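To start, the structure under review is shown below, and the notes come after it.
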Amino acid sequence: MSAAPGLFVTFEGGEGAGKSTQIRLLADSLRARGLTVLMTREPGGSRGAEAVRHVLLSGAAEPYGIRMEAVLFAAARSDHVEEVIRPALAAGTVVLCDRFMDSSRVYQGITGNLEQPFIEALERVAINGVVPDCTIVFDLPAAIGLERARKRGAGESAAPDRFEKEELETHEKRREAFLDIAEREPLRCRVVDATQAPEAIAAQVLALVEPLLPITAHGRQDPEHVS
Ligand SMILES: Nc1ncnc2c1ncn2[C@@H]1O[C@H](COP(=O)(O)OP(=O)(O)O)[C@@H](O)[C@H]1O
Ligand SMILES: [Mg+2]
Numbered sequence: 001m002s003a004a005p006g007l008f009v010t011f012e013g014g015e016g017a018g019k020s021t022q023i024r025l026l027a028d029s030l031r032a033r034g035l036t037v038l039m040t041r042e043p044g045g046s047r048g049a050e051a052v053r054h055v056l057l058s059g060a061a062e063p064y065g066i067r068m069e070a071v072l073f074a075a076a077r078s079d080h081v082e083e084v085i086r087p088a089l090a091a092g093t094v095v096l097c098d099r100f101m102d103s104s105r106v107y108q109g110i111t112g113n114l115e116q117p118f119i120e121a122l123e124r125v126a127i128n129g130v131v132p133d134c135t136i137v138f139d140l141p142a143a144i145g146l147e148r149a150r151k152r153g154a155g156e157s158a159a160p161d162r163f164e165k166e167e168l169e170t171h172e173k174r175r176e177a178f179l180d181i182a183e184r185e186p187l188r189c190r191v192v193d194a195t196q197a198p199e200a201i202a203a204q205v206l207a208l209v210e211p212l213l214p215i216t217a218h219g220r221q222d223p224e225h226v227s
């Protein structure tokens, strides 16, 4: 857990699970309470990391192999942590991050077949002690998630990215891998059933985060809102 005065919450799960939707809803709720919130995402979130994001999601790094991709994800994460997340937490900000280290464990480690010690070493270097206080795993059958992601893409210009276009079986394997992480680290991770309506999920997410909220400039959070 970070000793910083802020709070670090990460959103994890497969494509279309509702991470981006829920991160916005939680940010709105917390801001309405007067908390300073930073909403960020991976890969990316800092200038250096956004440059690497393009290389990763376009598939430009794919020909060089999964090891190269994993190192690039770690490079981006390191920049994001040191330039953005750590300073924000030190300033007492609630940092909400759309994907973080568990996505690397799952995508590069489990479905990328990279050996565990390699992934663990990259994680250690990249996060450099900045472990999420809370990780919310959005759990959804892969077929539903992919269908949602496809519909979302239809309204925008986006073709499926490097990771969205993989086989259904691979996406199911990732779902299991996220659940495994949550089971192994029950203090940090919470699993939310992402098949529910967005409002129901948002209420659950808020209830998970509420007890962890930092002290605001006005003293403790509004006691009316403490669960
Ligand atoms: N609980 C939900 N039920 C049905 N559709 C949802 C739900 N949450 C999000 N969506 C829709 O599914 C698509 C993917 O959601 P998104 O939040 O972008 O997922 P992610 O960021 O995990 O890939 C979007 O079009 C979004 O509006
Ligand atoms: Mg998203």
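Residue numbers (the UniProt record's numbering): 1 to 227.
Glycine included, C-beta positions come from ideal geometry on N, C-alpha and C.
Because the structure is a prediction, the values reported are computed rather than measured.
Among the options, nearest to residue i - alpha-carbon criterion
| i | options | result |
| --- | --- | --- |
| histidine 80 | Leu96, Gly92, Gly65 and Arg67 | Leu96 |
| arginine 67 | Gly34, Phe11 and Ile110 | Ile110 |
| valine 37 | Pro117, Leu122, Pro87 and Ala49 | Pro87 |
| glutamate 167 | Asn128, Asp133 and Glu15 | Glu15 |
| leucine 179 | Val137, Leu187 and Ile144 | Val137 |
| alanine 182 | Ala121, Pro132, Pro198 and Pro211 | Pro132 |
| threonine 21 | Ile215, Pro5, Leu212 and Ile201 | Ile201 |
Residue i Cβ short of 6 Å to ligand 2 heavy atom set
| i | result |
| --- | --- |
| proline 103 | Before going further, note that residue 103 is serine rather than proline in the sequence given. Outside the cutoff, so no. |
| lysine 151 | no |
Helix, strand or coil at residue i according to DSSP, with G and I counted as helix
| i | result |
| --- | --- |
| phenylalanine 163 | coil |
| glycine 112 | coil |
| glycine 145 | helix |
Straight-line Cα distance separating residue j from residue i
| i | j | result |
| --- | --- | --- |
| histidine 57 | phenylalanine 163 | The sequence shown places leucine at residue 57, not histidine. Taking the straight line from one Cα to the other gives about 8 Å. |
| alanine 217 | glutamate 82 | Note that alanine 217 has pLDDT 47, beneath the 50 cutoff, so the model's placement of it is unreliable and no number is given. |
| proline 160 | alanine 177 | 22 Å |
| glycine 112 | glutamate 172 | 14 Å |
| proline 117 | leucine 7 | 28 Å |
| alanine 76 | glycine 48 | 7 Å |
| proline 186 | glycine 153 | 33 Å |
| leucine 35 | threonine 93 | 8 Å |
| alanine 149 | alanine 142 | 10 Å |
| glutamate 120 | leucine 30 | 33 Å |
| aspartate 28 | glutamate 169 | 35 Å |
| cysteine 134 | aspartate 98 | 12 Å |
Heavy atom of ligand 1 within 6 Å of residue i beta-carbon
| i | result |
| --- | --- |
| alanine 17 | yes |
**OP:** Run through the stretch 81–107 for me and flag every whole beta strand (DSSP E) of 3 or more residues, listed as ranges in chain order.
**Re:** 94–98
Original post:
Could you give the uninterrupted runs of the alpha helix (DSSP H) lying entirely in the stretch 11–45, keeping only those of 4 residues or more?
Top reply: 19–32
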